[in-house]
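When we follow our numbering, the leftmost residue of the sequence shown carries the number 282, and every step to the right adds one. Report on one structure; see the data block that follows.
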Amino acid sequence: IQIAGTNGKGSTVAFLESICVQAKIEVGATVSPHLISVTERVRINGNGISEKEF
């Protein structure tokens, strides 16, 4: 699922990601921009990845 638009993209991604995780559906999400580390942009099943994985 690709989400585009002006407002609400981050919260929509978080909402859909949460639904998938609760339903035990494996999910990956990429978001931008990051706040502190570029690794914040990638999440697998709701969990961030390490710099090594990035």
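Glycine included, C-beta positions come from ideal geometry on N, C-alpha and C.
What first and last residue would you give for the alpha helix (DSSP H) that runs through residue i?
| i | result |
| --- | --- |
| ILE300 | 290-303 |
Evaluate residue i with the Cβ neighbour count: other Cβ atoms within 10 Å of its Cβ, from every protein chain shown; 16 or more gives buried, anything less gives exposed.
| i | result |
| --- | --- |
| GLU298 | buried |
Rounded to whole angstroms, what is the Cα-Cα separation between residue i and residue j?
| i | j | result |
| --- | --- | --- |
| VAL294 | PHE335 | 20 Å |
| ILE300 | ARG322 | 19 Å |
| GLN283 | LYS305 | 20 Å |
| ILE325 | ILE317 | 18 Å |
Within the continuous beta strand (DSSP E) that includes residue i, where are the two ends?
| i | result |
| --- | --- |
| THR311 | 309-311 |
| ILE325 | 323-325 |
Considering only the alpha carbon of each residue, which of the options lies closest to residue i?
| i | options | result |
| --- | --- | --- |
| VAL302 | GLY327, GLY291 and VAL319 | GLY327 |
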